[in-house]
Amino acid sequence: MDVFGAIISLLSCLCKEIGRKHDDLKTFNKDMETLKKEMKYLSGKEDDIKIKLQRGDQQVGMKCKSEVKVVREQIENLKNEVDSLEHKEKLGCLKCEVCFCYSKLMLSGHVKEKIKEAIVIQEKMKSFGELFIDGVVDTGKTLPMAKLVYTATTQRTLEIIWDSLLDTNFQKIGVYGMGGVGKTIMMKHTNNRLKEDSIFDHVIWVTVSKDTRLERLQSDIAKEIGIPLEEHDDRQHTSVKIYAALHRRKFVLILDDIWKAFPLEEIGIPEPSEDNNCKVILSTRDLKVCRQMEIQKLIKVEVLPEKEAWDLFKVKVGGNMVITSKLEKVAKLVVKECGGLPLAIITVGRALRQVDDVRVWRNALNELKFSTAGIEGMEAGVFASLRFSYMHLRNDELRACFLYCVLYPEDHEIPTMELVKYWIYEGLISEERDSEAENDKGYAILNEIKNACLLERIDNRSGAECVKMHDLIRDMAIIITRVSPLFIVKLGVDLEELPQMEESMENVERISLTNNNIQVLAGEPKCPKLSTLWLQHNRYLKNISPSFFEHMKSLRVLNLSYTRIKCLPESLSNLENLRALLLHYCYDLKTMSPVTNLKLLRFLDLYYSGIEVLPQGMERLVNLRRLNLSRTFSLNILPIGVMRNLSLLEELYMYRSRYRWSSNSLQVEGGASIEEIINSTHLTNLHVHLVDLPSFDAYVKSEQWQKLESFYLIVGQVTDLLPPDTSKMKYIVEIGGCHIVDCERPLVLPSNTQYFAIENCNDIVGLSELPWLSHLNELKECHISRCNALRYITVAENNTTLTTLETLDLWELPELTSICKGVVQHDTLKCLKRVKVDGCHSLKNLFSVDWLHHLKNIEEIQIRNCMMMEEIIFKTEECVALSRLTSLELECLPNLRSIFWGVCMCDSLQTINVTNCPKLKELPSSIATSSLTLKAIKGSRKWWNALKWSDPGDQINLEHFFKEQEEEDDDDDDEAIDDDDDEIRSL
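So the sequence shown is numbered by the UniProt record's numbering: it starts at 1 and just counts up by one.
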C-alpha cells in the first residue's frame, strides 16, 4: 500500500509538472511572438533613422550624434542575438518532442530579457530629438608665429584691423602692402586673437599662394572646417558642401597672400552681410585684388618710420651691447638702406647679430648700397619675395614699364606725366590712334604697377603727381637689369668718361649715366640694341665726337639736358628711330645738325637752349607731336611753313621765347604768322607770346582756343617775376605794356580764362573799365602790377563783380586808393580766398566793413611794402567776422597802427606774421578768442615786448604762441632780388 501510494503521489506530481511545463511552453510561444513584434517595430524605427541619416549626410558639416551611433550598435547586437535564439529554437524541432520542449523551456528566460532590451532601446530612441550636431570645427586653430615686435606703426595697423573686424559696417576687409612689409604676421596675430576671444563661431585660416587653383583652395577650406570630400566631387559639388557647412554659422574667413581675385560663391563661401555677421579678411600685395573682391575697408601696411626701424633693428642685432658708439653711425646707414621694410631689417639684423667687426658692417652697407645679394638671407628672403611681385605683373609690357624706373636716381620723385611720355616714346606702350588714348593706356599701366605695391604714389611740393620706388624694390630691379634686359645704370658716381663694357655693349638696351662729370662723348660705341640713352646733368659735357651715334640705329630716347654741349654731331641724322630728343637747359647749344632723317621724332625739347635758328629739315618732322621752344631767348625766327607741315603737332610751347607771333607777317620778316597756329587743327596745348593786341584779338576771334586743353597767351611786354602755377591754372592770359582801354576795338578774352594778369597798362583807372571781365565765369586769379593809373578795382555801378575770383594779387600800383569804390554789390568777389598787396603806397586801408560782409571765404591776407597803410580794416564800431581766415602776414608797413579797431571774429586763424611794422602797438583783443586754432604769432622780440594789451590776461594766454624771428633788412632783400634778376638774364 505504501509503495502503491508513493507511485500514485509521484505520478500526481509528474502530471502537475507536465501541466506547468505545458503552461510555460504556452508563455514561451507568446513571449516569442512579443519579441518578434518588438523587433519588427524596432527595425521600422531603425529604418526611419537610416533615412534621416542619409538625408542628413547631404547637409555637409553636420554629423550624427554619438548616442545615435551607440543605439544603432545596440539594435544591431540585439538583432543578432534574437536571430541566434530563433536558430536554437529551430534546432530543437529537429530532435525529439521532449528535447524540443526542453529547448524552448531553456530559451524562455533569454526571450524575456531581449524583450526588455528592445523596450529600453525604444525608450532611448524617443528621447533623441535632433539626430545631428554641428560637425564644423569650433573656433579654428592657433597658428605658430614668430614673436611680434610691437612698433607703434605695427600696433596702430593691428588695432585698425581689429576695429574693422568688430565694425558691423565692414564685412570684407583688405590688408595690402608691398612684399616683406609684415602682412602675414599681422594676419596670423589677428587669427590667434580671434581664436582666444571667441568672437566668431568659426575662424578659418587659409594660405593662398600665387599658383593656388580654386579646387585646391576649396580643399583647404573643407579641411579647415572638417567636412569630408570624395574623390568624385567636382568644384560644384564641393562648393555646395562648403556652403551647406557655413551658411547658417557666424564665421570669419582669413585668406592670406591672395594674388588673384575670385568670386566667393565659386568656392562656396556665403556672401558676408550684416544679417549673417560673417566676415572675410584678406591680405595681398595687389590693391587691384581688393577692388575686384569688392573690399569695403582697405588697410595699407606701411613701411616703418626711421625711429621704429632703428628700434626693430637693435632688437634683431642684439641691442646696445653690439651696436657700440663705434658702430652706431654705420649701423644707422645700414638701417636706412633697408628702407623701413621689416623683412629686410630682420634679415640684415640676424646676419649681423653679435658681430662687432666694423669692417663686416661696412661691407654689409656696401652690399646694400650697390644692390648686391651678398648678405646672408637677402637673396633667398628679401629679393626673392620682392621679385615674386615683379614676376606676378600681368605681362611683359608691365614688367618693362616697371624696370624703366630704375633709370631714375634712388629716392627720386618721378613725375607720372613724364614717365608715361617716356614709355610712349620708348615703344613700351603700343601706338594708339591719338596721344590721349596713349596717355590713358600709360596711366592704366601705371595704376596696375602701383596697385601691385611696386611703385608708391606721392605728391611733390608743387602738388604734381609723382611716383617713387622703394630702395629695396629698386635694388631688386637693378639686379634683374644686370642680366636681362641689360641696363647700365651709374648715377651720381662722378664718372668722367663712358664706362668700358665692350663685351656686353652689343646687348645693352638702356643706359642711364645722369649726374656725373663726363666731359666728352668719344668714339663709336657699338650698341645696336640701345633704345634709351640718358646723359642729362653731366654739367661738364661739352663735346660729342662726330660719329658717336653711328652705331645706335635702335635709339628711341636721347636725353642730353643740363649739359654744356655747343652743337650736335652729324651722326645724329643716323638715328632714324629716334622718338624723343631732349635738350632741356642746354643754353650753350646754338646750332644743330640737320634733322631731316628723324622722321619718327615725336618730341623735340629745346627749352632754355641757346638755339638761334631751328635746325634744317624741321618741316620733315611729320610725326612731331610736342615741340618745346620755351625760354629760347636767342631764337630769332620760326620759318614760314614749318607749322603748316607739322600737321600732327599737338603741343607747342614757346613761353618767353624771343620769337613773337603776329597777325602781320611784315612785323617778323620771313617768319610765320598767327594764321599758321589758327590753322593747326591738332593743337591741344598752346603757350605762345604774341606781339600786340591785334594779334591776340585775331587769335581769340578764331575761337581755336575752345579746342585746347591748356593755353598760356602772353601779349606785349610782360616780365617774368610772378609766373602762375600752371599745374593748377590751365587757361592763362597775360597782357603787358598795352593800351587795353583806348585800343581801337574792345578787347575780349577767351571766356574760360582762369588766370589774368595786367602789367604796365597805364591807361586803366579801374578794372570796371573792362566790361568783358564780367563774362569770365572761370576766372580764379587776377594779378595786376605796375599800372600807374589804377585807382580802384570795382565800382558799384558796373557789373564787374568777379564772382569766381579766388586770388587777387596787387603789386606796385602807386595810385591805388581802394579795392572797391561805392556800395558793394551782393556777389562782388564772393569766392575770394587770397588777397596779396605789395607796393601800393597810396592805399591807407585794405577793406571797408561793407565789403567784409561779402568776403565769407577769405583765407589768406598778405600785405607788404605799403608806405601809407594805416589800418587793415577801416575804422568802425561794427562787429565783423572772417570765419575762414587762417593766415595774416604784414611786412614793411611803417605807418600801420591797427589791424582793426572794433571786434573781428577769426575762429580759424592759425598764423600771424608781423615784420617791420614799428607803429603797430596793439593786437585786436578778439585774437585771444582764436587760441583754439592759433599755432603761431611771429615777429621780433622787441615788437612783441612793446605791445599794449587792454586785458593783461590776453598777453599771458598768447605768450606761448609767440615765435621770435629776426627783422629783415629791406636793402638786403632788394640786393638779393637784383642778384636773382641777373642770374635769370645770364641764363
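Glycine residues also receive a C-beta, built at the ideal position from the N, C-alpha and C atoms.
Distance, residue j Cα to residue i Cα
i, j, result
"Ser451", "Asp286", "What sits at residue 451 in the sequence shown is Asn, not Ser. Cα-Cα distance, rounded: 5 Å."
"Glu97", "Ile121", "With a pLDDT of 44 at Glu97, under the threshold of 50, the modelled position of that residue is not reliable, and the figure given next carries that caveat. Straight-line Cα distance between these residues: approximately 35 Å."
"Glu418", "Glu509", "20 Å"
"Cys904", "Val849", "10 Å"
"Asp954", "Gln910", "16 Å"
"Lys590", "Asp763", "40 Å"
"Ile242", "Gly226", "10 Å"
"Glu975", "Lys566", "In this prediction, Glu975 scores a pLDDT of 37, lower than 50, which makes its location untrustworthy; the coordinate-derived value is nonetheless stated afterwards. Distance between the alpha carbons of Glu975 and Lys566 is about 32 Å."
"His853", "Leu958", "28 Å"
"Thr532", "Ile858", "50 Å"
"Ile445", "Lys553", "28 Å"
"Ser430", "Asp809", "46 Å"
"Cys892", "Ser950", "25 Å"
"Leu94", "Glu33", "Any reading at Leu94 needs caution, since the residue's pLDDT is 42, under 50, leaving its predicted position unreliable; the model's value is listed next. Leu94 and Glu33: Cα-Cα distance of roughly 21 Å."
"Ile740", "Lys780", "21 Å"
"Ile299", "Leu229", "35 Å"
"Glu889", "Glu456", "36 Å"
N-terminal and C-terminal residue of the beta strand (DSSP E) that residue i is part of
i, result
"Phe962", "Phe962 to Glu964"
"Gln862", "Glu860 to Arg864"
"Ile449", "First-last for Ile449: Ser435 to Asn451, but that is the alpha helix (DSSP H), not the beta strand (DSSP E)."
"Trp205", "His202 to Thr207"
"Asp233", "No beta strand (DSSP E) contains Asp233, which DSSP labels as neither H nor E."
"Asp605", "Phe603 to Asp605"
"Ser512", "Val508 to Ser512"
"Thr284", "Lys279 to Thr284"
Residue i CB to nearest heavy atom of the ligand HEM below 7 Å
i, result
"Asn957", "No copy of the ligand HEM occurs in the structure displayed, which carries no ligand at all."
Terminal residues of the alpha helix (DSSP H) in which residue i lies
i, result
"Asn645", "Val642 to Asn645"
"Lys329", "Ser325 to Glu337"
"Ser531", "No alpha helix (DSSP H) holds Ser531; DSSP gives it neither H nor E."
Per DSSP, cross-strand counterpart(s) of residue i
i, result
"Leu194", "The partner list for Leu194 (beta bridge, DSSP) is empty, contrary to what the question assumes."
"Ala757", "Glu734 and His783"
"Phe847", "Ile873"
"Asp459", "Glu465"
"Phe711", "Leu686 and Tyr731"
"Asp256", "Thr207"
"Glu922", "Lys948"
Same chain, Cβ closer than 8 Å to residue i, neighbours up to 5 away in sequence not counted
i, result
"Pro569", "Ile544, Ser545, Pro546, Ser547, Phe548, Phe549 and Ser593"
"His392", "Lys210, Trp259, Arg285, Asp286 and Ala452"
"Thr151", "Leu304, Glu308, Asp311 and Leu312"
"Ile678", "Ala698, Tyr699, Ser702 and Gln704"
Helix, strand or coil at residue i [DSSP, three-state]
i, result
"Gly716", "strand"
"Asn538", "coil"
"Thr911", "strand"
"Asn363", "helix"
"Arg474", "helix"
"Lys141", "coil"
"Val111", "helix"
"Asp809", "strand"
"Tyr390", "helix"
"Arg248", "coil"
"Cys831", "coil"
"Lys836", "strand"
"Met867", "coil"
"Glu431", "coil"
"Pro546", "coil"
"Glu410", "coil"
Contacts around residue i, its chain only, beta-carbon distance under 6 Å, and the 5 residues preceding and following it disregarded
i, result
"Ile899", "Ile872 and Pro924"
"Arg897", "Glu870 and Lys919"
"Tyr792", "Gly766, Ser818 and Lys821"
"Tyr408", "Ile414"
"Tyr659", "Leu635 and Leu638"
"Gln218", "Thr238 and Ile267"
Neighbour flag for residue i against chain B, beta carbons, 8 Å
i, result
"Val252", "Checking the listed chains, one finds no chain B in this structure; it contains a single protein chain."
Residues near residue i by beta carbon distance below 7 Å, same chain, minus five either side
i, result
"Leu333", "Leu365"
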